[in-house]
Amino acid sequence: MAEVSGDSPGFFTSKLAAAVGWARKYSIFQYPFVTACCGMEYMATAAGHYDMDRFGAGLPRFSPRQADVLFVVGTISHKMAPVLQRVYEQMCEPKWVVAFGVCTCTGGFYDNYATVQGIDTIVPVDLYIPGCPPRPEAVLDGLMKLQAKIENQKQEV
Amino acid sequence: MDAATSDRETRSMLLNVGPSHPAMHGVIRMVLELEGETIIKCDVEIGYLHRAFEKSCENSTWTQCIPYTDRLNYVSPLINNFGYCAAVEQLLGIEITERAKYIRVAMSEISRITDHLTCIGASAMELGAMTVFLYLMKAREFLYEIVEEVTGARLTISYGRIGGVKADLPDGCADQIEAALVRVEGEIAEADKLLTRNRIFVDRMRGIGVLARADALSYGITGPMGRASGIDYDVRKASPYFAYDRMDFEVPVGSAGDNYDRYLVRMEEMRQSIRITRQAMKEMPGGAVNVDSQGRVVESFQLVDQAKLGRTAGLIDVRTTVDPTLGGSERPFLRRVMPDDKRVVLPAKEDTYSNIEGLMNHFKIIMDSHGIRPPRGEAYFAVEGANGELGFYVVSDGRDRPYRVRCRPPCFFAMAGLHKMLEGYMMADMVPTFGSVNMIAGELDR
């Protein structure tokens, strides 16, 4: 893999990195790992009213191999945790993980024996969208923050 | 098989579907045994969304259980809320006010419509009809706006209270509901045009996933699924609760028990729910909320200051402006939606702020190890959830926390009978069949 931006980027490499970042942020292919209640708000955000497609994230891919962003939507129980981990491992780089809803962020109000207390204990998380469930506006805000993160990070091509 | 091939070994193939699968709006795992593309055996594994509902309830006070019930069937949380509250009310022997009954009926039916919209929209999408999904999600959004207006949240609403509802309907709510229902009717008609006589849709649905009446009965399947199989059972008719005995509506019953009948039953139920909501809003006692505000309207902090100085004599009938999140829980509104039972009902905010009796009443209900204390005993209360009979069985040992809260989730029984609907059909038929069952993992695994 050739890195586009090194320690002292030249003119072309930095321009290329900016172009790649711009392209990547508008072509988010998400894998909605929907388990619970938050899925309802995920559906609402994806549908016409709030329209995730405006952010280039309108095409969910249901195969982890085709997806860039893993949206973990809903409570992850200990029984579900290995499945989530496996789906994450099946995704190709570059990949990002969004913790959608407070259950995925910290376990939320399911502070009990059955629930994983935050998915960051099993997979690395790039963005947290708290809320029980988060409103569609909050999801869109999170999506924009993810775009900013994707655009500004070191691009590997 | 002729003689030439009979000595060849034939093996069926095991295919693992789920728990994370595109055609699953919920987490469940199915181990299918396939012969070619035909499913010959199906094993269903559940438990991927077990969130310890019962254990959490045992560690909460009676009121604190309400948010957990929201998240059982998160597609129609209001029905869950009211079902749990009604069970505890039965335990306490409380009769809720007439207006609260009508509010519960109207909001339950709105919730039922959102559930059916989601079910039909999602299963149509899985068959490739993305347009229907978008239309029905649009319709659901109109109803979510109403729910948000009334309860303050879109999804996890916690609107039910033991003894009534959180707060009265906001001003002008009747008109808003009517406007939303008209738009939803339009969207349902649109979906009807797109699906009901659509050749592709009918071919995928008719005669697929047949559940015989006897099987449905023996597995205890109720709700739209049971009715599609010809079981004429609806809790709203069989043992009317809230104000359903005064509502004029029909229960659609199918005969074939296939996916198409389940679809038709759900479509008709939505129309009936719209009818019930309209009736409930029309006949709701108390009329529109326009309170005659006799006396001054003061800020709540001024009320507290006055009360601290002991100047409570003139404060009895004073209205105060409270925090907007508490809107509708002021005295004139609260009297309408909550019974006059000091054991379970929080006093109106004016009373909490202005007199010692109200403050003590408030703390007696809020404080740990005081709270609502139903007498020792048990109660079972069933409501018609969007997927069938949704029952709550509550046991009290006289403390402020439930001894047990058991939920009878309609999905659980549907999942027990799921293999009956899959075996003998093609692999691809699993998608519409599973969609029409409308499995909700939250209430299935609890």
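From first to last, the protein sequence lines are chains R and V. Note that the working numbering has the first sequence beginning at 139, numbered continuously upward. Note that the working numbering has the second sequence beginning at 132, numbered continuously upward. A virtual CB, placed ideally from N, CA and C, is assigned to each residue, including glycine. The structure displayed is predicted, hence computed values, not measured ones.
Interface residues of chain R around residue i at Cβ under 8 Å?
i, result
"L180 of chain V", "T173, A174, G212, T213, S215, M218"
"A183 of chain V", "Y248, N250, Y251, A252, T253"
"R397 of chain V", "What R397 of chain V touches in chain R: nothing, since even the nearest Cβ is about 17 Å away."
"G573 of chain V", "A174, C175"
"T287 of chain V", "C175, C270, P271"
Is any non-hydrogen atom of the ligand ZN found closer than 7 Å to the C-beta of residue i, if you look at the structure I gave you?
i, result
"V296 of chain V", "As for the ligand ZN, it is missing from this structure, which has no ligand bound."
Apart from the five residues on each side of it in sequence, which residues of its chain come closer than 7 Å, Cβ to Cβ, to residue i?
i, result
"M498 of chain V", "none"
"G573 of chain V", "L180, R202, L203, N204, Y205"
"H247 of chain V", "R397, E400, M401, A517"
"A255 of chain V", "V263, F264, L326"
"V261 of chain R", "L222, Q223, Y226, V235"
"Q204 of chain R", "F167"
Under the DSSP definition of a beta bridge, which residues are partnered with residue i?
i, result
"D174 of chain V", "V:V162"
"L208 of chain R", "R:Y169, R:V235"
"M144 of chain V", "V:L165"
"A510 of chain V", "V:V525"
"Y266 of chain R", "R:A237"
"E520 of chain V", "V:E515"
"C538 of chain V", "V:F523"
"V296 of chain V", "V:G291"
"T327 of chain V", "Partner(s): none; T327 of chain V has no beta bridge."
"S349 of chain V", "S349 of chain V pairs with nothing; no bridge assigned."
"T253 of chain R", "R:S215"
"M557 of chain V", "V:T169"
Can you pull the chain R residues whose beta carbon is under 9 Å from the beta carbon of residue i, in chain order?
i, result
"K269 of chain V", "A185, G186, H187"
"K186 of chain V", "N250, Y251, A252"
"P198 of chain V", "F247, C270"
What residues from chain R crowd round residue i, counting only those whose CB sits closer than 7 Å?
i, result
"V158 of chain V", "T173, M218"
"R202 of chain V", "C175"
"P150 of chain V", "M218, V221"
"E272 of chain V", "A182, H187"
List the whole-angstrom C-beta distance separating residue i from residue j, where the pair is believed to meet the contact cut-off of C-beta under 8 Å.
i, j, result
"F216 of chain V", "I293 of chain V", "At residue 216 of chain V the sequence reads Cys, which differs from the Phe that was named. Confirmed, Cβ separation roughly 5 Å."
"M546 of chain V", "I177 of chain V", "6 Å"
"G388 of chain V", "R335 of chain V", "16 Å between Cβ atoms; not a contact."
"G167 of chain V", "R160 of chain V", "Not quite, the Cβ-Cβ distance comes to about 22 Å (not below 8 Å), so this is no contact."
"R230 of chain V", "P416 of chain V", "5 Å"
"P198 of chain R", "P170 of chain R", "5 Å"
"G579 of chain V", "F523 of chain V", "Any property of residue 579 of chain V remains undetermined from this structure, which presents chain V solely from 132 to 577."
"I582 of chain V", "V296 of chain V", "Not covered by the structure: residue 582 of chain V. The range shown for chain V is 132 to 577."
"A184 of chain R", "M190 of chain R", "5 Å"
"Y188 of chain R", "L278 of chain R", "6 Å"
"T253 of chain R", "R182 of chain V", "6 Å"
"T228 of chain V", "L312 of chain V", "Not really, about 24 Å apart at Cβ, beyond 8 Å."
Among the residues of its own chain, which have a CB less than 8 Å from the CB of residue i, if the five just before and after it don't count?
i, result
"G489 of chain V", "P478, A479, E481, D482, T483"
"M558 of chain V", "L146, L163, L165, E168, T169, I170"
"L222 of chain V", "P505, P506, G508, E509, A510, V525, S527"
"V225 of chain R", "Y169, F171, P202, L208"
"P383 of chain V", "R358, L395, V396, E399, E400, Q403"
"G385 of chain V", "R358, A359, S360, G361, D392, R393, L395, V396"
If you drop the 5 nearest sequence neighbours on each side, which residues of the same chain put their C-beta closer than 6 Å to that of residue i?
i, result
"D379 of chain V", "none"
"L284 of chain R", "L265"
"M132 of chain V", "Note that M132 of chain V has pLDDT 49, beneath the 50 cutoff, so the model's placement of it is unreliable and the number below is only indicative. Nothing listed; no residue qualifies."
"A270 of chain V", "L248, V315, E318"
"R328 of chain V", "none"
"V175 of chain V", "M161, M546, L549"
"N211 of chain V", "T200, L203, N204"
"S289 of chain V", "I197, P198, D201"
Give me the chain V residues within the contact set of residue i, using Cβ-Cβ distance strictly less than 9 Å, ordered along the chain.
i, result
"V225 of chain R", "S151"
Along chain V, which residues have their Cβ under 8 Å away from the Cβ of residue i?
i, result
"M178 of chain R", "Y205, V206, T249, L286"
For residue i, would you say it is in contact with chain B, using Cβ-to-Cβ distances shorter than 8 Å as the test?
i, result
"L278 of chain R", "The question asks about chain B, but that chain is absent: this structure's protein chains are R and V."
Between the stretch 270 to 281 of chain R and chain V, which residues of the former have a C-beta closer than 9 Å to a C-beta of the latter? C270, P271, R273, P274
Select from the stretch 202 to 225 of chain V all residues with a C-beta closer than 7 Å to any C-beta belonging to chain R, and list them in chain order. R202, Y205, V206
Which of the residues in the stretch 253 to 268 of chain V, read from start to end, lie with their CB under 9 Å from any CB of chain R? A253, F264, L265, Y266, L267, M268
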